[in-house]
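*Asks:* This is the structure I have questions about; it appears just below.
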Amino acid sequence: MPAADSSLRDRVAARLDTYRGRLLELSHALHDDPEISFAEARAAERLAVLLEDAGFTVNRAVCDLPTALTAEYGSGDLTIGVCAEYDALPEIGHACGHNIICAAGAGAAIALAPVADELGCRVKLLGTPAEEEGGGKVLMLERGAFDDVTVAMMVHPFPVDITDPRGSSNAVGRFEVTFTGRASHAAAAPEGGLNAADAAVVAQVAVGQLRQQLRDGYRVSGIVRLGGERTNIIPERSVLEYEVRTPTGEELTDLRERVLNCFRGAALATGTTVAVRQIQPDYLDLRHDPALMTSYARKSARDRAGGARARPGTAGHGRLHGHGQRHPRPARHPPRPRGAGGPWHAAHPAVRRRDREPGRGRRGARRGTRDGMDRPGPRLRCGVAGPLRDRSARLTHAGPGAGSGLCGHAMPAS
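Counting from 206, one number per residue, gives the positions in the sequence shown under the working numbering.
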């Protein structure tokens, strides 16, 4: 290893050791104080204060989003974007480990900062709210927060280390469906009603029948938010929330239309009317930059946590959050072992208990955070900075849309 690389590694490691305690405190504070999408005021402020203390210039409430932020350090011409998420789910809290994502992102940015100018790069952390629901990254992307970012990256907790450069996450679209009928007394005048709850039932049966005809990797799931108020009143209104997932963005449009036809048919069968509202911008398939992901896979194999498993698989049936409405930047977003075991989605009580369990749980949380943030400087210098400078030059000279096949935030480049 060249002496210069060794010096960089040592300085980055020393910087990380200095902040390790505060990063773990941040992860645990967010875990113990969960806030839902677009309401992450305390989480965003905790992150902002930590980054300001580390010397970053922090901008709060960016992109007209009160809980979004950016933090910058350095002045190089190559901008490394590190994404940090911090919203949680209602009732179950940090089911996807966004507390770990936030601490890992902050740790990577803070550790890289002291060597940023020497590497000729600028570090930009993007605090992205509303990733469980609301499309925070997509909104920030559309409003210019990523315009100056050369490459975007983050890590996501997962039971195994997925290193396949082809991708790791499906496209997803979410929508709300409202059936409107006519209320009537269920005993005295049932013939006068149009039952919106029946429409919801017919729609669910139709979707269930559709599932047999779906390709592998297609997923349809939903809930009934409203199905009536009283048993003696024929429901005038019912509300459902559904989501569809497909391996690619192109397939998402087709599957959504097939599912919506189930709702339209239910309205026709029951004499009700149906209205559909998109809940958030579509998240399309996550596409890794092959060079970055290959470099990451090679280097992560050297320091993989004991017991963690590597898996080469491609897109999972779930959805990670490093993508949005188009593919504008080279990106790397690997799922990393969280050290807590259990099913892949951390909503399960056993996983949540482990984070609070004395000793063992703290080691699991520490490993999950460390895996995401340890030694980011050498990875960036040896595995990113060189290839990216070549890639950045090609993108600069190739013109608009040239990076559409390289990147990891989703929908066809305009």
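Just so you know, even glycine gets a beta-carbon here, dropped at the ideal spot from N, CA and C. Computed from a predicted structure; not experimentally measured.
What residue range is occupied by the uninterrupted alpha helix (DSSP H) comprising D310?
*Replies:* The sequence position of residue 310 within the sequence shown is 105, counting from 1. Reading the sequence as shown, one finds Gly at residue 310 and not Asp. Element bounds for G310: 303-324.
*Asks:* Look at the alpha carbon of P239 and the alpha carbon of S389, and state the distance between them as a whole number of angstroms.
*Replies:* Locating residue 239 in the sequence shown gives position 34, where the first residue counts as 1. Locating residue 389 in the sequence shown gives position 184, where the first residue counts as 1. Those two C-alpha atoms are separated by around 42 Å.
*Asks:* Helix, strand or coil, according to DSSP, for V360 in the structure here?
*Replies:* Position 155 of the sequence shown, counted from the first residue, corresponds to residue 360. DSSP places V360 in coil when its eight states are reduced to three.
*Asks:* Straight-line CA distance for L231 to H493?
*Replies:* Locating residue 231 in the sequence shown gives position 26, where the first residue counts as 1. Locating residue 493 in the sequence shown gives position 288, where the first residue counts as 1. Roughly 28 Å between the two C-alpha positions.
*Asks:* Based on Cα-Cα distance, which residue from D237, R265, E257 lies nearest to G298?
*Replies:* Mapped onto the sequence shown, residue 298 falls at position 93. The shortest Cα separation from G298 among D237, R265, E257 belongs to D237.
*Asks:* Considering only the alpha carbon of each residue, which of L324, A401, S500 lies closest to E441?
*Replies:* Locating residue 441 in the sequence shown gives position 236, counting from the first residue. Of the candidates L324, A401, S500, the one whose C-alpha sits nearest the C-alpha of E441 is A401.
*Asks:* Considering Cα atoms alone, identify which of L344, V354, R214, I428 is closest to V410.
*Replies:* Indexing the sequence shown from 1 puts residue 410 at position 205. Taking only the C-alpha atoms, the option nearest V410 is I428.
*Asks:* Where does R387 sit, in a helix, a strand or coil, going by DSSP?
*Replies:* Residue 387 sits at position 182 when you count from the first residue of the sequence shown. In the structure shown, R387 sits in a strand (DSSP, three-state: E or B).
*Asks:* Would a C-beta distance cut-off of 7 Å place I315 and P362 closer than the cut-off?
*Replies:* Translated into positions along the sequence shown, residue 315 becomes position 110. Translated into positions along the sequence shown, residue 362 becomes position 157. Cβ distance not < 7 Å, so I315 and P362 don't count as in contact.
*Asks:* Going by C-alpha distance, which of D282, T333, E456, M358 is nearest A313?
*Replies:* As a working note, residue 313 is residue 108 in the sequence shown. Among D282, T333, E456, M358, the Cα nearest to that of A313 is on M358.
*Asks:* Report the three-state DSSP secondary structure of A248 (helix, strand or coil).
*Replies:* As a position in the sequence shown, residue 248 is number 43, starting the count at 1. In the structure shown, A248 sits in a helix (DSSP, three-state: H, G or I).
*Asks:* If we ignore side chains and look at the alpha-carbon of each, how far apart do S426 and G413 end up?
*Replies:* The sequence position of residue 426 within the sequence shown is 221, counting from 1. The sequence position of residue 413 within the sequence shown is 208, counting from 1. If you take the alpha carbons of S426 and G413, they lie about 10 Å apart.
*Asks:* Can you have a look at P295 and say buried or exposed, based on whether 16 or more other CB atoms are within 10 angstroms of its CB?
*Replies:* Walking along the sequence shown from the start, residue 295 turns up at place 90. So P295 counts as exposed.
*Asks:* What did DSSP end up calling V641 once you bin it into helix, strand or coil?
*Replies:* Because the chain in this structure spans residues 206 to 619, residue 641 falls outside the shown range and cannot be described.
*Asks:* Let me know the beta strand (DSSP E) ranges lying completely inside the segment 424-478, each 3 residues or longer, listed in chain order.
*Replies:* Taking only runs of at least 3 residues, the beta strand (DSSP E) segments lying wholly in the segment 424-478 are 424-431, 442-451.
*Asks:* If you run the structure through DSSP and keep just helix, strand and coil, what is R220?
*Replies:* Working through the sequence shown from its first residue, we reach residue 220 at position 15. It is helical.
*Asks:* Let me confirm a value: G349 is counted as buried when at least 16 other C-beta atoms fall within 10 Å, else exposed. Which label applies?
*Replies:* On the sequence shown, position 144 is the one that residue 349 refers to. With fewer than 16 Cβ atoms within 10 Å of its Cβ, G349 is classed as exposed.
*Asks:* For T436, does the count of other Cβ atoms within 10 angstroms reach 16, so buried, or fall short, so exposed?
*Replies:* Here residue 436 is taken as the residue at index 231 of the sequence shown, counted from 1. Exposed, since its Cβ has fewer than 16 Cβ neighbours within 10 Å.
*Asks:* Consult DSSP for V354 and reduce its assignment to one of helix, strand or coil.
*Replies:* Counting from 1 along the sequence shown, the entry for residue 354 is found at position 149. Coil.
*Asks:* Apply the 10 Å Cβ neighbour rule to Q485 and answer buried if 16 or more other Cβ atoms are within range, or exposed otherwise.
*Replies:* The residue you call residue 485 lines up with position 280 of the sequence shown. Its Cβ being crowded by 16 or more others within 10 Å, Q485 is buried.
*Asks:* Using alpha carbons as the reference points, say which of G340, F380, G470, P364 lies closest to F243.
*Replies:* In the sequence shown, residue 243 corresponds to position 38, counting from 1. If we check each option's Cα against that of F243, G340 comes out closest.
*Asks:* Using a Cβ-Cβ cutoff of less than 6 Å, which residues in the same chain neighbour E257 once the five nearest sequence positions on both sides are dropped?
*Replies:* Along the sequence shown, one-based indexing puts residue 257 at 52. So the list reads V263, once near-sequence residues are dropped.
*Asks:* Could you pull out every residue in the same chain whose Cβ sits closer than 8 Å to the Cβ of C268, ignoring the five residues on either side in sequence?
*Replies:* Translated into the one-based positions of the sequence shown, residue 268 becomes position 63. Contacts found: L344, M345, R348, G349, A350.
*Asks:* One question on the structure: do A273 and G332 come within less than 7 Å of each other, judged by their Cβ atoms?
*Replies:* Locating residue 273 in the sequence shown gives position 68, where the first residue counts as 1. Locating residue 332 in the sequence shown gives position 127, where the first residue counts as 1. Yes.
*Asks:* For A472, collect the residues of the same chain with a Cβ closer than 7 Å to its Cβ; drop the 5 residues on either side in sequence, then sort them by chain order.
*Replies:* Along the sequence shown, one-based indexing puts residue 472 at 267. Taken in chain order, the residues that qualify are F384, A404, T478, V479.
*Asks:* Please classify T284 as buried or exposed, where buried requires at least 16 other C-beta atoms within 10 Å of its C-beta.
*Replies:* In the sequence shown, residue 284 corresponds to position 79, counting from 1. Classification for T284: buried.
*Asks:* Determine the closest residue to P452 out of A308, T223, G378, H303, with distance taken between C-alpha atoms.
*Replies:* The residue given as residue 452 occupies position 247 in the sequence shown. Checking every option, the nearest Cα to that of P452 belongs to G378.
*Asks:* What separation, rounded to the nearest whole angstrom, lies between the Cα atoms of D215 and V354?
*Replies:* Walking along the sequence shown from the start, residue 215 turns up at place 10. Walking along the sequence shown from the start, residue 354 turns up at place 149. The alpha-carbon atoms of D215 and V354 are separated by roughly 26 Å.
*Asks:* Output the residue ranges of the beta strand (DSSP E) runs that lie fully inside the segment 375-420 and measure 3 residues or longer, sorted by chain position.
*Replies:* For the segment 375-420, whole beta strand (DSSP E) runs of length 3 or above, ordered along the chain, are 376-385.
*Asks:* According to DSSP, is E240 part of a helix, a strand, or is it coil?
*Replies:* As a working mapping, residue 240 is identified with position 35 in the sequence shown. If DSSP states are grouped into helix, strand and coil, E240 belongs with coil.
*Asks:* Would A402 pass as an interface residue toward chain B - the criterion being a Cβ-Cβ separation below 7 Å?
*Replies:* Going by chain labels, chain B is absent from the structure shown, which holds only one protein chain.
*Asks:* Quick one: what's got a C-beta closer than 7 Å to A474's C-beta in the same chain, skipping five residues either side?
*Replies:* Here residue 474 refers to the residue found at position 269 of the sequence shown. Same-chain partners within the cutoff: V407.
*Asks:* Going by C-alpha distance, which of A393, S374, L317, G398 is nearest G260?
*Replies:* For this step, residue 260 is matched to residue 55 along the sequence shown. The shortest Cα separation from G260 among A393, S374, L317, G398 belongs to L317.
*Asks:* Under 6 Å Cβ to Cβ from A219, same chain only, skipping five residues before and after it: list those, please.
*Replies:* Here the question's residue 219 lines up with position 14 in the sequence shown. If we look at A219 and ignore the five residues flanking it on each side, it has no Cβ neighbours.
*Asks:* Could you name the residues of the same chain whose beta carbon sits closer than 8 Å to that of G591, not counting the 5 residues immediately before and after it, in chain order?
*Replies:* Looking up residue 591 in the sequence shown gives position 386. Residue confidence for G591 is low, a pLDDT of 39 falling below 50, so the modelled location carries little weight; the figure read from the coordinates is stated next. Cβ within range, chain order: n/a, list empty.
*Asks:* Specify the secondary structure class of E296 as computed by DSSP and reduced to three states.
*Replies:* Start at 1 with the first residue of the sequence shown, and residue 296 comes out as number 91. Here E296 sits in coil by DSSP.
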